[in-house]
Each structure stands twice: as C-alpha cells, then as structure tokens.
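Scroll down for the structure; my scribbles are underneath it.
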Amino acid sequence: MIDLKRVRTFGLIAGGTLSFVAAIGMVESFNERTLINPGITMGLLLILGIAAVFGYIVAAGKPNPLVETARDSRSGGIAGGLTGAIAGVVTSLFVLFVDTFDVSEFFPNMREPLVEAMTFELGVPVGLLVLTAVVTATAAAGGAFHGMSDSFRAGMSRALGWVVAFALFELVVSEILDFADPLVDLIYAPRGGLQPWAAVIIGALAWWLSTRYKGRGEAFTERVKDSEAGSRLRRSVILFGVAAVIILPMIVGGVVNELLITSGLFILMGLGLNIVVGLAGLLDLGYVAFFAVGAYGTAILTSPSSPAFAPGLSWWIALPIVMVLAAIAGLFVGTPVIRMRGDYLAIVTLGFGEIVRILLLSDWLTPIFGGAQGITRIPGIPVPGAGTISGTDPQLFIYFTFMFVLLAAYISYRAQNSRIGRSWAAMREDEDVAEAIGISTVQAKLLAFVTGAVIASFAGALFSAKVGTVFTNSFDVLVSIIILVVVIVGGMGSIRGVVVGALVLIGILGGPKSPGLLAEFSEFKLLIYGALLVYMMLKRPEGLLPSVRRSRELHGEDLTQDAWLDKGGDFTGDSAEEEATT
Amino acid sequence: MALLQINQLTKAFGGVQALGGVDFHIDEGTIVSVIGPNGAGKTSFFNVISGLFPPDSGEILFDGDNLAHHQPNEITRRGIARTFQNVRLFPNLTVLENVMVGQHCRTKEGMWGTILQTKAQREEEKRIEENAKEVLSFFGSRLAGYRYDQPAFVLSYANRRRLEIARAMATEPRLLLLDEPTAGMNPRETVELTELIGELRDERGLTVVVIEHDMKVVEHVSDRVVVLDHGVKIAEGDYESVSTNDDVIEAYLGRPAEAG
Ligand SMILES: Nc1ncnc2c1ncn2[C@@H]1O[C@H](COP(=O)(O)OP(=O)(O)OP(=O)(O)O)[C@@H](O)[C@H]1O
Ligand SMILES: [Mg+2]
Chain A
1 MIDLKRVRTF GLIAGGTLSF VAAIGMVESF NERTLINPGI TMGLLLILGI AAVFGYIVAA
61 GKPNPLVETA RDSRSGGIAG GLTGAIAGVV TSLFVLFVDT FDVSEFFPNM REPLVEAMTF
121 ELGVPVGLLV LTAVVTATAA AGGAFHGMSD SFRAGMSRAL GWVVAFALFE LVVSEILDFA
181 DPLVDLIYAP RGGLQPWAAV IIGALAWWLS TRYKGRGEAF TERVKDSEAG SRLRRSVILF
241 GVAAVIILPM IVGGVVNELL ITSGLFILMG LGLNIVVGLA GLLDLGYVAF FAVGAYGTAI
301 LTSPSSPAFA PGLSWWIALP IVMVLAAIAG LFVGTPVIRM RGDYLAIVTL GFGEIVRILL
361 LSDWLTPIFG GAQGITRIPG IPVPGAGTIS GTDPQLFIYF TFMFVLLAAY ISYRAQNSRI
421 GRSWAAMRED EDVAEAIGIS TVQAKLLAFV TGAVIASFAG ALFSAKVGTV FTNSFDVLVS
481 IIILVVVIVG GMGSIRGVVV GALVLIGILG GPKSPGLLAE FSEFKLLIYG ALLVYMMLKR
541 PEGLLPSVRR SRELHGEDLT QDAWLDKGGD FTGDSAEEEA TT
Chain B
583 MALLQINQLT KAFGGVQALG GVDFHIDEGT IVSVIGPNGA GKTSFFNVIS GLFPPDSGEI
643 LFDGDNLAHH QPNEITRRGI ARTFQNVRLF PNLTVLENVM VGQHCRTKEG MWGTILQTKA
703 QREEEKRIEE NAKEVLSFFG SRLAGYRYDQ PAFVLSYANR RRLEIARAMA TEPRLLLLDE
763 PTAGMNPRET VELTELIGEL RDERGLTVVV IEHDMKVVEH VSDRVVVLDH GVKIAEGDYE
823 SVSTNDDVIE AYLGRPAEAG
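For the protein sequence lines, the chains are A and B, in the order given. Under this note's numbering, read the first sequence as residues 1 to 582, first letter to last. Under this note's numbering, read the second sequence as residues 583 to 842, first letter to last.
In structure tokens, the structure reads:
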C-alpha cells in the first residue's frame with residue numbers, strides 16, 4: 001500500500017530541500033571535492049543522499065510502535081520513486097527559474113554556476129531531465145532499500161559507509177598509510193578522490209566483513225560491559241585506546257594534528273560545560289568567559305610583552321595560578337546567580353560572557369589586556385630536553401591536549417559516580433527536594449561552576465600556548481554556543497558523547513574560527529549546527545551517545561519492568577504479588 | 583523537655599492564613615498525628631517546619647534551638663526529615679541512588695577526595711551504599727534486590743511512598759515528618775505501613791509526626807492527636823478524646839453557622 005499523501009508531502013519537502021541546498025551554494029561548493037574519480041563529487045553525494053533519505057523515509061511510513069510495519073521492497077521502491085519524481089520536478093522547476101530570471105542581486109548564489117552544478121553541466125533541457133531521472137532513481141533505491149532483508153541492509157550500509165568514509169577522509173587515510181606510499185597512490189587519484197576500482201574493492205570488503213562478523217561487534221560490547229567477566233577485557237580495550245592515542249599523532253601529519261588539537265580544546269570545554277549543564281543542570285551560556293580567563297591569565301603570566309605586568313613565568317607555573325583565577329571567576333559568576341533558575345540563569349550568564357569580552361576590549365582595561373591588539377609573543381610549553389612546544393609543533397603539542405582531555409574526562413567520570421555527582425543529579429531533578437533532603441544547593445552549584453571553570457581554564461591555557469597570541473574575538477558568544485551545541489549533540493551528561501560530538505562538529509565540520517577536515521563545510525557550519533540542533537531536539541534529545549540517566553529521563557516509557565527482568569534481576573520476595581495488587 | 587516545641591507559628595499566603603498561631607510539641611520517641619479537614623494547613627505546617635517556607639512569626643524550637651528561618655538543608659542536617667504529600671522522588675535516579683542521596687548530609691567527602699580516590703572517599707562511598715541498603719531493608723524485600731537499579735519512576739505508587747520514607751530515613755533524622763504516608767494505598771498496604779510506622783518509633787527510636795486522613799491508622803499509631811482547622815489547633819489529646827470532641831466533629835462535618 002502506498003500512502004500517496006505521504007509521497008506528495010515528502011516529495012515536496014525533498015524538492016524544497018534540494019532547491020534550498022542549491023540556492024545557498026552548497027552543491028557548488030561541495031562539488032569542489034571529488035569523492036570517487038571522476039565525476040562523483042561531494043555535491044552529487046549531497047543530492048543523492050537527500051533523495052535516498054527521503055525515499056527511505058516515505059517507504060518506512062509513519063513510525064508506529066504498536067504495529068510492525070510491513071517491509072516490502074517493491075512498493076517501497078515505487079513510493080520512493082514517486083517521491084523522487086516529485087522532488088526532481090520541483091528542483092528542476094527551481095533550476096529553470098534561476099536560469100530564466102536573474103535574482104542574483106538578492107540571492108548571490110542563484111546564478112549560472114548553480115544551474116551548471118545542478119544540470120551536471122549538460123545545459124537546461126537535457127540536464128534537468130537527467131537530474132529528475134537521477135533523483136527519482138536514487139529515491140526509488142532508497143525506498144526499495146527499506147524493504148530489503150536485514151543482512152542486505154547491513155551489508156549495503158556498511159559498504160556505502162566505508163566507501164564514503166574512505167573518500168571523505170582521504171587526507172587522514174593517506175597520512176596514516178604514509179608508510180605504504182604506493183598503495184595510497186594506487187587507491188586515490190592524483191587530483192583527489194578514490195579510484196573507481198578501489199571504491200568497489202573497499203565496498204566489497206566492508207560487505208564481506210559485515211556478513212562474516214555479523215553480530216560479533218555487539219557480542220563484544222556486551223562482554224566488555226559485563227561487570228565481572230569484562231573487567232580484564234575492559235582494561236585491554238582501554239590500553240588499546242591509549243596506545244592508539246599515543247601512536248596516532250605520530251602517523252598523521254600536521255593538518256590532522258592541528259584539527260585534533262582544536263577538537264581537543266573543544267572536548268575539554270565540552271567536558272567542563274557538561275559538568276555545569278549536563279550534570280548539575282545549570283544552563284550556562286557564558287561559559288566562554290572561563291576560557292578567556294584561562295587564555296588571558298596564561299598570556300599575561302607568560303608573555304614577555306604583556307602590557308602592564310609581565311612576570312614571564314613558565315607555563316607550568318602559570319597553570320596553577322590560572323586555575324585558581326578561574327576558580328575565583330567561577331565563584332564570582334556563580335554567587336550572584338545562585339538563586340536563579342532555568343531561563344533566568346541562562347540569560348544572566350549570557351550577559352556575563354559578553355561583559356567579560358567587552359571589558360577586555362574596553363579602554364579602561366586596555367593597559368592590562370592589550371585591548372584589540374591582544375597579547376602576543378606568548379611562549380609555548382617548556383619541556384625539559386625538548387625546548388618549548390607550541391602550535392608550530394602540532395605533532396608534539398597534541399600530547400598536552402590529550403593529557404588534559406584525559407584529566408578532565410577522569411574528573412568528570414569520578415565526580416559523576418560519587419556523592420557529589422549524586423547531589424548534582426538530585427539538584428537537576430528537583431532543586432527544592434534536593435535542598436529538603438539535606439543538600440546545600442548553594443554549595444553544589446558553586447562547586448559545579450568552579451569545576452567547570454577550572455576545566456575551561458585548562459583549555460584557555462593550552463590555547464594561549466598553542467596560538468601564541470590572544471585576541472578578544474576568540475572569545476565571543478558564538479564559542480559558548482558552539483560548546484553547548486557540542487554537549488547537546490553529543491549527549492548531555494555523557495563523556496563519550498562530548499568527545500564524539502566535538503570530533504564530529506569541530507574536527508570534521510569546523511570550529512567557530514577554523515575550518516575542519518572537510519573545509520567545504522565551514523561556510524555552512526552554522527546552518528548545519530542549527531539544523532542538527534533542531535533535529536536533535538525533536539528526534540533524539542538525549543544526544544548521540546546519551547548518558548544512562550538522560551535517556552531514562554527522556555525516553556522513560558521505554559524502560560519497563562520487563563526490560564529489567566529480562567536483564568536477569570533476581571526476583572525476590574513478594575514483589576510479584578505486589579505488582580498484582582497495585 | 584519536648585524534642586520539638588513550636589510556639590505561636592503563623593504563616594499567610596496572600597490573604598489565606600494557612601497557620602494562625604499554632605502551638606505544638608512532641609516528646610522524643612512518640613508519634614503524634616496531625617489531622618484536620620482539607621485545607622486546614624497541615625501541609626503548610628510541615629513546609630514551615632522543614633524550612634521550605636519561612637514562618638511569618640513564631641518559634642520552632644528543635645532540641646532547644648530555634649530553627650525558624652534556617653535553610654531547609656540545615657534543618658535536615660539538624661535532624662528533621664520529611665516526605666511529601668504528592669510524592670517527590672528523583673524519578674530518574676535509581677531506587678538505591680535515591681536513598682544514597684539522603685546520606686549526603688551525613689557524609690563529607692568533597693571534590694579532592696573524589697578526584698584522588700582517597701581511601702577515606704572509597705570507604706565513605708561503600709558506607710553510603712551499605713547504609714542505603716540497610717534503610718531499604720526496612721521495607722523487607724519490596725525495595726531490595728533487582729529493584730536497587732530500577733529508576734524510581736517505574737515503581738508502583740505504594741513503592742514510591744515507601745522509597746520516599748526510605749530516603750528521609752537515610753538522612754538519619756531524629757524527627758520524621760510524614761505527610762499522608764498511606765494516601766493511595768490499598769487496605770493491605772495501609773496496614774503494613776501502619777505497622778512500619780510503629781516500628782520506626784519502637785525499633786529505630788524515631789520521633790514521628792504524621793499527617794493522616796485514615797482514622798484507623800491514626801487510632802493505631804498515635805500517642806497523641808492534634809487537630810488543625812483553618813490554621814488553628816482546635817483540639818489535642820489521645821485518640822479517644824479527640825474523636826469524640828464536638829469541635830472536631832463539627833470541623834469535619836462543616837459549620838453551617840460560620841459558612842456564610
Ligand atoms: N504555596 C502556597 N501558596 C498559596 N497558598 C497556599 C500555599 N500552600 C498552601 N496554601 C493555602 O494554604 C491553605 C492550607 O493548605 P495546606 O496544603 O496546608 O492544607 P492541608 O491541610 O495540607 O490540606 P490537605 O488535606 O488537602 O492536604 C490552603 O488554603 C492552601 O490553598
Ligand atoms: Mg496537605
């Protein structure tokens with residue numbers, strides 16, 4: 001059964017989405033990157049991806065947890081194809097419009113290059129037919145995919161995923177495989193992009209692996225998670241992770257290390273903010289202020305050209321002083337807002353963040369902080385026997401970043417599973433009751449603010465030593481917002497979530513000032529962040545890798561008694577009968 | 583001397599005089615029931631004692647110290663714990679965590695101990711967990727075993743009430759304030775809980791003030807009964823004398839003379 005209304009709605013939405021990404025110039029700029037040589041560019045992938053996803057969504061039908069949706073690849077394919085046809089026609093009409101009327105005065109991207117990109121440089125009548133056909137076919141494939149057997153779906157998605165990953169992360173892959181230079185030259189085309197045969201081999205390999213080791217991954221995770229049997233296994237997994245982290249920077253080159261450092265700084269800040277927002281439930285929108293305290297503190301204490309006061313300390317001596325300064329700043333911000341809740345707290349902290357930036361810029365404090373000139377000539381981190389290490393040696397600097405990320409993750413982990421973490425959790429759930437059962441919420445809040453501030457100051461201190469200069473524009477509101485996005489997308493209260501969130505958002509898409517691994521995204525990253533936030537709020541408010549508590553909170557109904565009994569909880573005493581009576 | 587001695591306690595919400603000069607006392611190791619019609623000010627009485635709202639005037643002498651205008655956490659630390667009429671657990675914390683949180687004010691390890699994993703901190707964590715389990719064992723197997731790791735929101739209504747009592751007990755109070763502990767329970771559960779309230783006094787040596795609508799429970803557990811109406815105490819004494827008191831009967835049945 002094909003739900004025609006759904007086909008129509010989603011066809012129009014898909015057409016609108018395609019026209020939108022074309023109109024903002026995304027397709028054109030994504031076309032700069034070749035994924036599979038020749039011809040398959042990231043722009044094409046974007047078009048195909050949108051078509052396939054909408055085909056799939058239409059075929060999947062409206063999710064109904066009570067009824068198992070019938071899966072049938074033929075009707076799925078037809079529904080997807082119809083959706084794609086509508087989308088293709090809508091998009092073609094849009095391209096035709098751009099081709100006919102000149103609106104580039106208002107929409108600078110709506111010009112000839114857009115038409116060329118969308119018609120695969122085939123010109124208007126032919127190209128539009130090709131576009132419609134391609135979109136229809138892809139959406140049909142997406143729809144049919146929904147009806148395929150599970151093993152086909154698993155194999156296909158692994159294969160596509162691996163090929164796309166190899167193509168997108170060409171830089172990383174070729175740096176890791178640097179020792180096998182001829183191999184790299186073999187699988188990648190000279191001007192970028194996978195060779196077609198390499199793509200086929202990678203896809204086939206991924207497919208084969210997915211069938212060969214089906215279910216083994218899950219079984220392994222289960223075993224690692226198992227508290228008793230898994231403890232040795234867990235240790236080896238951690239050891240392996242640490243080893244990988246130590247070796248990776250040596251293999252990959254400067255660019256990737258640079259990206260890892262930037263992501264690392266955001267992981268640090270994300271972990272700090274996660275304590276404040278995720279664990280203690282205090283929405284702090286001015287978190288960048290503590291990063292600024294760390295960065296400026298380090299700059300003043302270590303730089304010989306700090307304007308007012310230049311003790312020229314070593315980074316290692318400056319660090320504890322900066323931590324204390326950040327802690328004081330945490331108290332300073334925390335104390336006045338202690339009685340505020342929710343939205344009020346968010347607004348006031350937002351204001352605090354801006355006040356810090358504006359004060360740093362002000363004439364009054366320019367003699368100390370250098371105003372718009374900032375503070376320059378900040379030395380790196382001195383290491384006995386290796387000179388000073390700064391951002392010019394990303395391959396070495398990254399180890400400091402790792403060290404502090406590890407420290408912050410450790411602090412978060414310990415705090416979370418302790419008396420303090422429980423008091424934060426209680427406060428987040430119900431502040432009045434937390435107070436009524438003997439938790440001083442004033443203390444708990446201040447502790448969260450101070451811990452978060454100190455962790456941000458690590459990031460600030462590293463940032464100063466890495467970049468060598470600090471300017472106020474590194475500390476605007478956008479940074480606070482982006483850290484918050486990292487925490488929300490990754491999963492509030494979840495350490496893994498923050499790490500993955502920062503790597504994806506900052507490492508791949510790009511941070512507030514710097515482009516990520518896929519530089520084409522940096523122009524659109526705010527749009528993507530926004531879209532991601534909306535999507536997350538609607539579909540997955542607990543984040544990509546949620547903490548246990550959060551997912552309980554947001555999907556409470558999923559966790560029923562039966563689920564717990566299935567886990568083998570020992571059913572003691574008369575509780576069974578009690579369930580019957582209540 | 584009474585463990586809790588309250589003199590002339592008043593509290594108004596806007597125009598409503600929730601408490602109009604209440605005198606109250608309870609001796610250590612006894613159970614006093616507070617009864618009264620809906621809106622009599624019983625819950626407000628607890629809210630003021632536990633510091634959720636500051637009193638307008640009056641004294642709250644606990645063990646000789648005036649606790650009026652103290653922070654709720656301070657009052658709990660001094661030894662007064664409470665439950666809420668509309669059960670207020672931490673729904674997403676597990677059963678065990680809900681009780682462990684109650685130990686907060688009896689433990690002290692801070693950030694440094696936590697980060698450094700000192701011996702004292704690890705021992706304290708262990709002690710918190712043991713104490714929490716001990717408190718939960720008060721309810722037999724109802725909140726034990728596999729229930730430890732269940733989030734509180736999956737519990738049945740009666741178990742939520744029990745868990746809330748357990749959380750209050752975990753704060754190691756001397757005085758326990760229970761706000762309608764049997765509301766919503768079936769007769770069997772009510773009987774069981776009534777027994778337990780008696781045990782709180784007899785075996786755990788606690789002093790208990792209980793707000794209760796179920797007269798059978800009141801009759802069974804109370805050493806003394808206090809009746810509130812319109813924020814004032816209209817009667818007190820043993821169950822016999824109070825239940826036959828004309829003012830009390832009138833308060834429950836309505837007062838046609840004053841209604842206009
Ligand atoms: N926070 C508040 N704000 C305004 N009015 C309140 C507040 N709390 C209680 N009141 C009012 O004070 C009066 C006493 O309420 P209270 O809840 O103490 O009664 P109660 O004896 O506990 O009644 P019930 O048996 O229904 O629980 C009521 O008129 C109520 O509306
Ligand atoms: Mg009440």
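Ideal Cβ placement from N, Cα and C applies to all residues, glycine included.
Residue i - DSSP class collapsed to helix/strand/coil
i, result
"D558 of chain A", "Legend: pLDDT at D558 of chain A = 43, less than 50; position of this residue unreliable, value from coordinates given subsequently. Residue state, collapsed to three classes: helix."
"S440 of chain A", "coil"
"I24 of chain A", "coil"
"V103 of chain A", "coil"
"H652 of chain B", "coil"
"R664 of chain B", "strand"
"E354 of chain A", "helix"
"T119 of chain A", "coil"
"L283 of chain A", "coil"
"I2 of chain A", "coil"
"N257 of chain A", "helix"
"T753 of chain B", "coil"
"V277 of chain A", "helix"
"F658 of chain B", "For the sequence presented, residue 658 of chain B should be read as Thr rather than Phe. Residue state, collapsed to three classes: helix."
"Y296 of chain A", "helix"
"D609 of chain B", "coil"
"Y834 of chain B", "helix"
Cβ-Cβ separation, residue j to residue i (assumed contact under 8 Å), whole Å
i, j, result
"D731 of chain B", "L678 of chain B", "7 Å"
"R664 of chain B", "A750 of chain B", "6 Å"
"T91 of chain A", "G11 of chain A", "Actually they are not in contact, since the Cβ atoms of T91 of chain A and G11 of chain A sit about 11 Å apart, beyond 8 Å."
"F449 of chain A", "G334 of chain A", "4 Å"
"I50 of chain A", "L18 of chain A", "6 Å"
Residue i CB to nearest heavy atom of ligand 2 below 7 Å
i, result
"K525 of chain A", "no"
"T83 of chain A", "no"
"D761 of chain B", "yes"
Heavy atom of ligand 1 within 7 Å of residue i beta-carbon
i, result
"S644 of chain A", "Here chain A covers residues 1 to 582 and nothing more, so residue 644 of chain A does not appear."
"T625 of chain B", "yes"
"F606 of chain B", "no"
"Q667 of chain B", "yes"
"G766 of chain B", "no"
"N620 of chain B", "yes"
"V598 of chain B", "yes"
"F404 of chain A", "no"
"F644 of chain B", "no"
"F595 of chain B", "yes"
Original post:
Any contact of the stretch 501 to 521 of chain A with the stretch 406 to 423 of chain A, i.e. 3+ C-beta pairs under 8 Å?
Top reply: They do not touch, by the three-pair rule.
**OP:** Give, in chain order, every unbroken run of the alpha helix (DSSP H) that is at least 4 residues long and sits entirely within the stretch 695 to 735 of chain B.
**Re:** Listed in chain order, they are 701 to 718.
Subject >> At least 3 beta-carbon pairs within less than 8 Å: the stretch 446 to 458 of chain A vs the stretch 282 to 290 of chain A >> reply: Judged by Cβ distances under 8 Å, the stretch 446 to 458 of chain A makes contact with the stretch 282 to 290 of chain A, as three or more pairs qualify.
Subject >> Secondary structure, alpha helix (DSSP H): runs of 4+ residues fully inside the stretch 423 to 488 of chain A >> reply: Whole alpha helix (DSSP H) segments, 4+ residues: 431 to 436 and 441 to 467.
Subject >> At least three beta-carbon pairs within less than 8 Å, the stretch 790 to 799 of chain B to the stretch 755 to 765 of chain B >> reply: By the Cβ test, the stretch 790 to 799 of chain B is in contact with the stretch 755 to 765 of chain B, since at least three Cβ pairs between them sit closer than 8 Å.
Original post:
What runs of the alpha helix (DSSP H), each 4 residues or longer, lie entirely inside the stretch 502 to 550 of chain A?
Top reply: The qualifying runs are 525 to 539.
Subject >> Secondary structure, alpha helix (DSSP H): runs of 4+ residues fully inside the stretch 216 to 242 of chain A >> reply: For the stretch 216 to 242 of chain A, whole alpha helix (DSSP H) runs of length 4 or above, ordered along the chain, are 216 to 225.
**OP:** Enumerate, from N- to C-terminal direction, the unbroken alpha helix (DSSP H) stretches of 4 or more residues contained entirely within the stretch 794 to 827 of chain B.
**Re:** Unbroken alpha helix (DSSP H) stretches of 4 residues or longer found wholly inside the stretch 794 to 827 of chain B: 797 to 803 and 821 to 825, given in chain order.
Original post:
Where are the alpha helix (DSSP H) runs, 4 residues long or more, that stay fully inside the stretch 340 to 415 of chain A, in chain order?
Top reply: As far as the stretch 340 to 415 of chain A is concerned, its whole alpha helix (DSSP H) runs of at least 4 residues are 342 to 361 and 366 to 369.
Original post:
Do three or more CB pairs link the stretch 800 to 818 of chain B to the stretch 614 to 622 of chain B at distances below 8 Å?
Top reply: Taking 8 Å as the limit for Cβ pairs, the verdict is that the stretch 614 to 622 of chain B does touch the stretch 800 to 818 of chain B.
Original post:
Given 8 Å as the limit, is there contact between the stretch 370 to 389 of chain A and the stretch 236 to 253 of chain A, that is, 3 or more CB pairs closer than that?
Top reply: Taking 8 Å as the limit for Cβ pairs, the verdict is that the stretch 236 to 253 of chain A does not touch the stretch 370 to 389 of chain A.
Subject >> Contact between the stretch 154 to 174 of chain A and the stretch 119 to 133 of chain A (3+ Cβ pairs under 8 Å) >> reply: Fewer than three pairs of CB atoms, one per stretch, sit closer than 8 Å, so the stretch 154 to 174 of chain A makes no contact with the stretch 119 to 133 of chain A.
Original post:
When the Cβ atoms of the stretch 682 to 689 of chain B are set against those of the stretch 709 to 719 of chain B, are three or more pairs found closer than 8 Å?
Top reply: These segments touch.
**OP:** Taking 8 Å as the threshold, find out whether the stretch 292 to 310 of chain A comes into contact with the stretch 462 to 481 of chain A through three or more Cβ pairs.
**Re:** As far as the Cβ criterion goes, the stretch 292 to 310 of chain A touches the stretch 462 to 481 of chain A, which means the pair count is three or higher.
**OP:** Examine the Cβ distances between the stretch 388 to 402 of chain A and the stretch 258 to 265 of chain A and report whether three or more of them are shorter than 8 Å.
**Re:** Short answer: they touch.
Original post:
What are the complete alpha helix (DSSP H) segments, minimum 4 residues, inside the stretch 121 to 184 of chain A?
Top reply: Fully enclosed alpha helix (DSSP H) runs of 4 or longer: 124 to 147, 150 to 168 and 170 to 176.
Original post:
Counting Cβ pairs, one atom from each stretch, are 3 or more of them under 8 Å apart for the stretch 182 to 199 of chain A and the stretch 271 to 280 of chain A?
Top reply: Because the criterion of three Cβ pairs below 8 Å is not met, the stretch 182 to 199 of chain A and the stretch 271 to 280 of chain A do not touch.
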